[in-house]
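Engineer:
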Amino acid sequence: MIRFPFSKPNSLVTNHPQPEFKFSKNSKRLKIYTAANTQTLSSPINNNNNNSSKLLIFPMVNKSNDSLMLTSGASGRINVLFSLRALRSLCMLINAFFLILLLPFRGRRRFVSAAPDLWPRKRVVAAVDNEVANRRALAIKRVVEDNNNNEDTVREFSLFSTSRGDTIFTQSWTPVKVHVRGLVIILHGLNEHSGRYNDFAKKLNANGFKVYGMDWIGHGGSDGLHAYVHSLDHAVNDMKMFISKVLTENPAVPCFCFGHSTGGAIVLKAMLDPKVSQHIAGIVLTSPAVGVQPSHPIFAVLAPIFSFLLPRFQFSAANKRDIAVSRDPEALLAKYSDPLVFTGSIRIRTGYEILRVCAYLQQNLRKLTVPFFVLHGTDDSVTDPEASRKLHDEASSTDKTIKLYRGLLHDLLFEPEKEEIAESIIQWLISRL
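If you want it as structure tokens, here you go:
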């Protein structure tokens, strides 16, 4: 005999004897015992019945004869899946699951001496530092070599330290034969670096713009594990600091910002700060990461969990495979053979940060007031062209322009139509000096 305790609802029963359910395995009948009567029902449980429908029964009180009434009518249905007890049980199961996941990381240091624990960390830090040194040396070498072979542009590099203690690599292109009438700060996209925009910077130089580029954390010649971003807010704050530095060096000169892909998302978030946007004459965005869809919806659900547990892990399954970013084979070869371009699978924390910033921007597009020009290819499979359209429609900026290029892919300035696109950007900048 199996007994089921039953608590009477206060709203239904007052001073009524508490009933008790008893289920007999042998007879497959459910007996209900109360102080006043005893009722027997055939059990709705049938081992041979595969019918998916369920009958939900709950007690009601008949005031006239003080007997117990059972009903399955509309007034008496209870969805046990959404009951408070079921939800509490579900929460306990989820909590237990995560405790089991975290058990391997807890309570082990007391059995291990400090020395063996420190050596692996030292080796990891040394490896990252060595990688950063190699990347930075290559970035500096390229700047110096290009500067020695160019008479129209002075190309220089500089380093600055953040409040976190990280060293950020920056570079500049200054026109020699043309008067400087404006500034452009370039922020590259995910996995690349500012040096990839060397040709575009020189086109800007020829039209009177001094250009600055910053390699954000984990990229190019800057500190950090390659392509690992613990927080994109670090990159946003670093950009704000860099803007302040550029404005101090060039007082009373109109300043614009250019951002590509994730760099565009960083620029947008920085511009939502009125203290920054008031000093910016306008921004240009190519394929901005305002809307990004992971390769499978489950990754968006799991990203917050695994970005905490395994932040640096490279998750190949999250990559969208065989997605071209340009229709120019030479541009693709140059990009993916560049040692300063990260070509591995995306790191979990980095991917989560991009999704997080995209969600933030989607909710705050109306706060954007700075003039902007957004350009996007309609066949871009990395960032969503419709998100750029939404940006244009919802932003509060009175001066806003959008240009969608039919059939073009993600890296617009490396497409066969790059000359036309660069000229559109330059003319937009000139018209706002």
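Numbering (UniProt numbering), first residue to last: 1 to 433. A virtual CB, placed ideally from N, CA and C, is assigned to each residue, including glycine. Since the model is a prediction, treat every value here as computed from it, not as a measurement.
Quick check on Leu187: does DSSP put it in helix, strand or coil?
Structural biologist: Strand at Leu187.
Engineer: If you scan the region 354-417 from start to end, which runs of the beta strand (DSSP E) of 3 or more residues do you find wholly inside it?
Structural biologist: As far as the region 354-417 is concerned, its whole beta strand (DSSP E) runs of at least 3 residues are 372-377 and 400-405.
Engineer: Mind reading off the beta-carbon distance from Gly264 to Ser287? Whole number of angstroms is fine, and I expect it under 8 Å.
Structural biologist: At roughly 7 Å, the Cβ-Cβ gap stays under 8 Å, so Gly264 and Ser287 are in contact.
Engineer: So is Val267 buried or exposed if we call it buried at 16+ other beta carbons inside 10 Å?
Structural biologist: By the 10 Å Cβ count, Val267 comes out buried.
Engineer: Could you give the DSSP three-state label for Gln278: helix, strand or coil?
Structural biologist: Coil, per DSSP.
Engineer: Using a Cβ-Cβ cut-off of 7 Å (strictly less than) and excluding sequence neighbours within five positions of Leu433, which residues of its own chain qualify?
Structural biologist: Arg181, Gly182 and Pro254.
Engineer: Which word fits Lys418, buried or exposed, when buried means at least 16 other C-beta atoms lie within 10 angstroms of its C-beta?
Structural biologist: Buried: at least 16 other Cβ atoms inside 10 Å.
Engineer: Taking all protein chains shown into account, decide if Leu225 is buried (16 or more other Cβ within 10 angstroms of its Cβ) or exposed.
Structural biologist: Per the 10 Å Cβ criterion, buried.
Engineer: Please list, in chain order, all residues of the same chain as Asn205 whose beta carbon is under 6 Å from its beta carbon, the five residues on each side excluded.
Structural biologist: Same-chain partners within the cutoff: Thr153, Trp173 and Pro175.
Engineer: Buried or exposed, going by whether 16 or more other CB atoms sit within 10 Å of the CB of Phe414?
Structural biologist: The residue in question, Phe414, is buried, as its Cβ has 16 or more Cβ neighbours within 10 Å.
Engineer: Output the boundary residues of the beta strand (DSSP E) element that contains Ser158.
Structural biologist: Per DSSP, Ser158 belongs to the beta strand (DSSP E) from Thr153 to Ser161.
Engineer: Name the DSSP bridge partner or partners of Gly182?
Structural biologist: For Gly182, which the question treats as bridged, DSSP gives the partners Phe209.
Engineer: What residue ranges within the region 226-276 form continuous beta strand (DSSP E) runs of no fewer than 3 residues, ordered along the chain?
Structural biologist: Taking only runs of at least 3 residues, the beta strand (DSSP E) segments lying wholly in the region 226-276 are 255-260.
Engineer: Quick one: residues in its chain with C-beta nearer than 7 Å to the C-beta of Val357, no 5 flanking neighbours on either side, listed in chain order?
Structural biologist: Closer than 7 Å at Cβ, skipping near neighbours: Leu232, Ala265 and Lys269.
Engineer: Quick one: any contact between the region 369-386 and the region 335-352, if contact means 3 or more CB pairs under 8 Å?
Structural biologist: Touching, no.
Engineer: With a 10 Å radius around its C-beta and 16 neighbouring C-beta atoms as the bar for buried, classify Pro416 as buried or exposed.
Structural biologist: By the 10 Å Cβ count, Pro416 comes out exposed.
Engineer: Measure from the alpha carbon of Gln362 to the alpha carbon of each residue in Val128, Phe157, Ser158 and Ser388, then state which is nearest.
Structural biologist: That would be Ser388, whose Cα lies nearest to the Cα of Gln362.
Engineer: What number of angstroms, rounded off, separates the C-alpha of Arg135 from the C-alpha of Glu420?
Structural biologist: For Arg135 and Glu420, the distance between alpha carbons rounds to 32 Å.
Engineer: Bridge partners for Ile421 per DSSP, in chain order?
Structural biologist: DSSP lists no partner for Ile421.
Engineer: Measuring CA to CA, which of Lys202, Thr167, Ile168 and Asp166 is closest to Asn147?
Structural biologist: When each option's Cα is compared against that of Asn147, the closest is Lys202.
Engineer: What residue from Asp199, Ser277 and Gly189 has the CA that sits closest to Lys367's CA?
Structural biologist: For Lys367, the nearest C-alpha among the options comes from Ser277.
Engineer: Considering just the uninterrupted stretch of the beta strand (DSSP E) at Pro175, what are its terminal residues?
Structural biologist: Residues Thr167 to Pro175.
Engineer: Inspect the beta-carbon positions of Gly195 and Ala133 and report whether they are closer than 8 Å.
Structural biologist: Cβ distance not < 8 Å, so Gly195 and Ala133 don't count as in contact.
Engineer: Am I right that Leu340 and Gly220 are in contact with their C-beta atoms under 8 Å? What's the rounded C-beta distance?
Structural biologist: At roughly 5 Å, the Cβ-Cβ gap stays under 8 Å, so Leu340 and Gly220 are in contact.
Engineer: Please name the residue or residues paired with Thr350 in a DSSP beta bridge.
Structural biologist: Answer is none; Thr350 lacks a bridge partner.
Engineer: In this structure, what does DSSP give as the bridge partners for Val284?
Structural biologist: Paired residue(s): Phe258 and Phe373.
Engineer: By how many angstroms is the C-alpha of Ile243 removed from the C-alpha of His234?
Structural biologist: Looking at the two C-alpha atoms, the distance is approximately 14 Å.
Engineer: If we count the other Cβ atoms within 10 Å of its Cβ and call it buried at 16 or more, is Val144 buried or exposed?
Structural biologist: By the 10 Å Cβ count, Val144 comes out exposed.
Engineer: For His230, verify whether its CB is less than 7 Å away from any heavy atom of the ligand HEM.
Structural biologist: What this structure holds is no ligand at all, so the ligand HEM is not there to describe.
Engineer: By alpha-carbon positions, which one of Ser396, Glu386 and Ser397 ends up nearest to Lys403?
Structural biologist: When each option's Cα is compared against that of Lys403, the closest is Glu386.
Engineer: So what does DSSP say about Asp66, is it helix, strand or coil?
Structural biologist: Summary for Asp66: the model assigns pLDDT 42, below 50, so the residue's position carries little reliability, and this model does not support an answer.
Engineer: Within its chain, find whatever has a CB closer than 6 Å to the CB of Gly213; leave out the 5 residues flanking it on each side and keep chain order.
Structural biologist: Cβ within range, chain order: Gln171, Ile186 and Ser194.
Engineer: Between Val211, Ser396 and Tyr352, which lies nearest to Pro371 when the distance is taken from Cα to Cα?
Structural biologist: Per the Cα distances, Ser396.
Engineer: Nearest by alpha-carbon distance to Val292: which of Tyr360, Ala331, Pro329 and Pro251 is it?
Structural biologist: Nearest of Tyr360, Ala331, Pro329 and Pro251 to Val292, Cα basis: Tyr360.
Engineer: Quick check on the DSSP output: the alpha helix (DSSP H) that includes Ala324 runs from which residue to which?
Structural biologist: That residue, Ala324, is in no alpha helix (DSSP H); it is neither H nor E in DSSP.
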